[in-house]
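Chains as they are written, first to last, in the numbering used here: chain A, 1 to 259; chain B, 1001 to 1618; chain C, 2001 to 2404. Below you'll find the structure, written out as structure tokens, and then a few comments.
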Amino acid sequence: MNTVLEARNLSKAFGGIQAVDDFSFDLRRGEFLALIGPNGAGKTTCFNMLNGYLKPDRGSVRLQGKELVGIRPRKIWRMGVGRTFQITETFLSMTVLENVQMALISYHRRCFDLFSRATRLYRDRAEQLLELVSMQEHASRACSELAYGDLKRLELAIALAHDPVLLLMDEPTAGMAPSERVALMALTAEIVARQQVSVVFTEHDMDVVFAHAHRILVLNRGELIAEGTGSEIRENPMVQEVYLGGGAVFEAENEAASA
Amino acid sequence: MGFYFAQLLTGLANASSLFLIASGLSIIFGVTRIVNFAHGSLYMVGAYLAYTLVSAMDLGAFGFWLGVLVAAAIVGLIGLLIEMTILRRIYHAPELFQLVATFGVLLIFQDATLAIWGAQDLLGPRAPGLDGALRIMGEPIPEYDLALIAIGPLVLLGIWLLFRKTRWGVLVRAATQDREMVAALGVNQAWLFSATFVLGAFLAGLGGALQIPRETVSLQMDLSVIGEAFVIVVIGGMGSVTGAYVAAVLISVLNAFAILIFPQVSIVLPFIVMAIVLTLRPHGLFGAAGSEHGAPTEPEQPLRLMGEKGMMILFAAMAVFALSPVIVGDFTTVLLVDVMVATLFAVSLHFMMGIGGMVSFGHAAYFGIGAYAAAMMVKQLGIGMLPTIFLAPAVAGAGALFFGWFCVRLSGVYLAMLTLAAAQILWGITFQWQQFTGGDDGIVGVWPAGWASSDKVYFYLAFVCCIGGIWFLRRAAHSPFGYTLRGIRDSRTRAEAIGVDSRFHQWMGFTLAGAVAGLAGTIFAFSKGSVFPDSLGIAQSIDGLIMVLLGGIHALAGPILGAGVFVMIEDWVTRLAYWRVIFGIIILVVVLLAPDGIAGGINRLFARIRAVRKGGTA
Amino acid sequence: MNMRRILLGAIASLPLLGLTPGMALAAEDPILLGEINSYTRLPAFTEPYKKGWQLAVEQVNAEGGIDGRMLEVISRDDTGDPATAIRIAEEMVTKDGVTLLFGTFLSNIGLAVADFAKQKQVLFLASEPLTDALVWSKGNKYTYRLRPSTHMQAAMLAEQAAKLDAVKWATVAPNYAYGQDAVKAFKAELTRLRPDVEFVEEQWPPVFKIDAGSTVRALEAAKPDAIYNVTFGGDLPKFVREGSLRFLFEDRPVVSLLTGEPEYLLPLGDETPEGWIVTGYPPAAIETEEHVAFAKAYMDKFGEEPRTGSIVGYNSILAIAAALRKAGSTETEALLEAMEGLQVESSPTGPFMFRAADHQSTMGAYVGKTALVDGKPTMVDWVYADGADYLPSEEEAAKLRPAE
């Protein structure tokens, strides 16, 4: 049993509304964990407490035994937590390769170097990372010219640059075509398996969730209402209740998303 | 008691005057995101027109108010003309580029006004029926002040009704909050912008016209009001008309009381208030988050290292430049030193604005600190010239370190205005504190050491320092630090997510740019032999800004081209009569031909030539 | 010294050979004079000044010039920026090869060019700047100044102020070097003449940004017996309007620096306050032979009355012509020698000379009272105050200057 992340009793209220209430979970090495729930369930709040953007009112988050609460996001990143964004955030005035190089430069604490050529630093490693996400042929293109799916893959490469133990992915497939979603998540799953990275991700697309998540946590109104594998969650009456009665809803959502 | 009440009324009357001009500026910025330097000119023209109309009509009270309104309406039409012929063509240019165009317009207006109305200040008539004073609690209060006190809130109410009760007003408010949304709704943006500009110009004209019973109409009106108007807009929050009124009242009433206790403070008071407000509320009193940035623009292209061919051309050009003193006369050598100083200054500003994404309206502060530090070290501390060249930029860097700490907490136009506040506070202190800085009489006798006093030797000294400085910042732009700054500019979120302390890096970038500007100031001080408060004045900052934007903010070569062209043209054009109108037209032509700056224009030109050639051979 | 200069001159002119007329000017070649002023920044003051020197140059040349050589002025706009002024001065000296420099209005530009003149060893006649520093604390061998300085004009007013009953004084002056010097000089002179006076209030509005209403009220609150005003330009009409609206000037004498100069007085129009004691220039009322001739020639040429700037511009050329004649040469050393104690025997304002000790001219100013005559603002009850009477003795003045 190799626990990477322990979240305990996380709670957060915004002006009297309890966004997350007493939420706890563990994450094992190499595990692919999905965090789902209807809109307003507290997924994003929860996510932001893990990556340091929000400070919980109560509770603790421990990464390999070290407390993360109260630590700034960029320090958390340095402790080995990578992340991707719901809407991609990249350096649009740089090339694809340079984007990855920047992550490496920061990881190696070379940001204050005034005399090296940034484009010559950590090139090989950056190319390897791009290869990992099959972006090598785009390496010298301007980031601003990329298709959205490619930006997502670039973000993944950036997130892997500092060999993280944990990857936080906020709606990794949002805004993508269904075929791309499957490809991206398959790629992610493969990398995760190979590199023994643990992943927590939130997701709307239930196909993606059921296809790849090792374990699923369901949040509703800030509380954990269910936990289990894909099939366990599918069968869970409380989950069906939350998603407005009946497993049909999952299909309906899928159709809506693919329309 | 009556005394203080009367002082309050005086403050409120001034507030109305300031509000009228600031409200137009705020509305224009809110919707079109144009920083309108020509707003003061519109105000001035409003005053001149009102003077002519009211004097000509001589119809008593009716004639006065009619004259004021007609003057404002004409200024509104002038605004329409400016918007349709110039600004409309460059809305998609990089952020803030439009201010270069408005600067050109400002120059043209200065000469046009001089040509039409002559040089002498004109004293307009007082407002008929409001030319006396009333006694309130025993204190005499000018009747016209009372009228102004009423006019301010009335105009505010009028704008409020316009924005709440008309479809156009609703669109303007929507555009202030979210431009893309309005565009998506299928509203004709061009007309919305035109109408906004007309309204803003009308208000500026009205503000000017209403001043004629209070002050003489003069050619200095444009520049004397524009700084304060910006301050009011920023304190109130960009785009917020109510904010502009509250800010105008705050500044005017504070000033009315402050001069009773500490009269010297007037000159810097608005800037001190602005600095405090921005430090506590980064978007001004009523501004919304996101109100600080201009229209989104095309992302910049990735930087490329220079190819071998480019390197060779560059080295050849440098060699020719280095040999130029042998070929040209002494005066040209002196002019080239000026060009190098301006270029180094522009490059340092570009490092901050273009690379670092921190727009500065007050970069002259560090240029001036460098110049003054050099002058004081040589004259008062007796330090030699060479150590001074190293120490003075360090002092400028220390100044930038101090002010930068506050500035990097903000972004966009608010950051720019805080840099302006820093520069203006420094300028005010330097200008007024005669014992320490020599005040307006400056510090003279700051000439190079004996061995470097000939124009040629000094040219080479300046060459080493300036070209060295430019090379260093170019190198820095390609370094991890430069890339980090560009990364933060592109996406602060992404930068933080890869472990970059964005604020700290910006702070250091700010400091570095300040130190290099200080080096430019140091070279400047020795080349001119004297320093005056002008070296940290607003005109110096604006010159730098124009050089960077005119040259092209998206290219490393931009500031170099911009500075060279600017200094050379200025040196040539000032020999002519009415040179400001010529200079203004040149700027407008460049702006319209190359909305991405000179560097961008040249790139496009070369691209076209290449395309034609390829077409020819194929 | 001479050797070094010739050597320097030779080195400096090497690259210019073939570009300029060269060093050895033929007798028929004109004498080039370099002239710099803030023509676009302050046209209201510099345009009359330009007309003044243009008229004088025309007259000097009509009379055959200087020993057969015509005067030719190269005039440039300094844009109100000292750094630009230096660049222009450099161009005039090294490229155009002017004999001397003159002009400037703003004190900071005057000081910058003066220091440049010292560095480049060329004569500079500062026509208009008022700052005392120009001839005293920052004075140098190469710089002379024509117009009566801040100190002199303040002393002229202090003399009149001392005759008033007023004991409690308030001052209002723009907060920068000029205003500060003007208040300091006035206080010192008035206190010397009348040890019983006290200064109860000082207002320091920012220059050209006066908040007139508040300033007037602050002065009023101090209840002074009399007011000393230094504000000028756009600040002055604001101050006058707000002051008269609020009865600041009721039963309260005002002495006011420069306000009698047409440049400042005329814009006040029919709101000119009556009876202010001012320094200035009443062009229509001076009936000396020289002035009448000057005023007529000026009127004929430009169709308007001369102003203070006109007289300063005109006298500048008279002084330069006198110096060139006396020196009999265009060499700087000879000119410097000529300038020491140079007498200008005849000018529209009367004779004046340049003091050897501090390089200040003794050209004076007119002190009188403001009034509206036929609806037109003017000065009445005026006298000509000779500058020599308001300067410290040459020995004292020499001590005010830095050691050469």
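Built from N, CA and C at the ideal position, the CB exists for glycine as well.
Listed along the chain, the chain C residues whose CB falls inside 7 Å of the CB of residue 1451/B amount to none; the nearest CB is some 14 Å away. Those residues of the segment 2034 to 2049 of chain C placed with their C-beta closer than 7 Å to a C-beta in chain B are 2040, 2043, 2044 and 2047, ordered along the chain.
Residue range 198 to 202 is occupied by the beta strand (DSSP E) that includes residue 198/A.
For residue 1490/B, not one C-beta of chain C is nearer than 9 Å to its own C-beta.
Interface residue (Cβ-Cβ distance to chain B less than 9 Å): residue 2150/C is not classified as such. Among the residues facing chain B, residue 2112/C is included, as its CB has a counterpart in that chain under 9 Å away. Closer than 9 Å to the CB of residue 2176/C there is at least one CB belonging to chain B. Here DSSP, grouped into helix, strand and coil, assigns residue 1091/B to coil. Apart from the 5 residues on each side of it in sequence, residue 1373/B sits with its Cβ closer than 6 Å to the Cβ of 1392 and 1395 in its chain, given in chain order.
Taking 9 Å as the cut-off, the Cβ atoms of residue 2298/C and residue 2365/C do not count as close. Using a CB distance below 7 Å, the part of the segment 88 to 100 of chain A facing chain B consists of 89, 90, 91, 92, 93, 94, 95 and 98, ordered along the chain.
Under a 10 Å Cβ-count criterion, residue 2144/C is classified as buried, with 16 or more other Cβ atoms of the shown protein chains found around its own Cβ. Counting along the chain, the unbroken alpha helix (DSSP H) around residue 1145/B starts and ends at 1143 to 1165. Chain A places no beta carbon closer than 9 Å to that of residue 1263/B, leaving this residue out of the contacts.
Comparing alpha-carbon positions, the option among 1081/B, 1046/B, 1036/B and 1126/B lying closest to residue 1059/B turns out to be 1126/B.
In chain order, 1329, 1330, 1331 and 1332 make up the part of chain B whose C-beta sits under 9 Å from the C-beta of residue 2095/C.
Under a criterion of Cβ atoms nearer than 7 Å, the residues of chain B adjacent to residue 2204/C are, in order, 1263 and 1264. In this structure the segment 183 to 190 of chain A does not touch the segment 2 to 22 of chain A; the number of beta carbon pairs closer than 8 Å is below three.
In this structure the segment 1207 to 1216 of chain B does not lie against the segment 1263 to 1282 of chain B, because fewer than three pairs of beta carbons, one per stretch, are closer than 8 Å. Annotation for residue 2120/C: the continuous alpha helix (DSSP H) segment containing it runs 2107 to 2120. Between the segment 1088 to 1104 of chain B and the segment 1156 to 1168 of chain B there are fewer than three C-beta pairs closer than 8 Å, too few to call the two in contact. The beta carbon of residue 1001/B is closer than 8 Å to those of 1137 in its chain, skipping five residues each way along the sequence. Of all residues in the segment 1495 to 1528 of chain B, only 1495, 1496, 1497, 1498, 1499, 1500, 1501, 1502, 1505, 1508 and 1512 come within less than 9 Å of chain A when Cβ atoms are compared, listed by chain position. Chain C places a beta carbon closer than 9 Å to that of residue 1014/B, counting this residue as a contact. Going by DSSP, residue 1579/B is part of the alpha helix (DSSP H) stretching over 1579 to 1593. Around residue 79/A, the same chain offers 63, 66, 68 and 71 as residues with beta carbons nearer than 8 Å, after the five sequence neighbours per side are excluded.
Interface criterion met: the Cβ of residue 107/A is under 9 Å from a Cβ in chain B. Secondary structure at residue 243/A: coil, using DSSP grouped into helix, strand and coil. In terms of Cβ geometry, residue 1487/B and residue 135/A do not form a close pair [threshold 9 Å]. Three or more Cβ pairs drawn from the segment 1345 to 1362 of chain B and the segment 1414 to 1422 of chain B lie within less than 8 Å of each other, which places the two stretches in contact. With contacts defined by Cβ atoms closer than 9 Å, residue 2098/C and residue 2032/C form a contacting pair. For the segment 1123 to 1143 of chain B, the set of positions with a beta-carbon nearer than 7 Å to some beta-carbon of chain C reads 1123, 1133, 1140 and 1142 in chain order. Not a single C-beta of chain B is nearer than 9 Å to the C-beta of residue 17/A.
Chain A places a beta carbon closer than 9 Å to that of residue 1480/B, counting this residue as a contact. For residue 1300/B, there are no C-beta contacts with chain C under 8 Å, since the nearest C-beta of that chain is about 33 Å from it. Restricting attention to 223/A, 224/A and 230/A, the CA atom closest to the CA of residue 205/A is found in 230/A.
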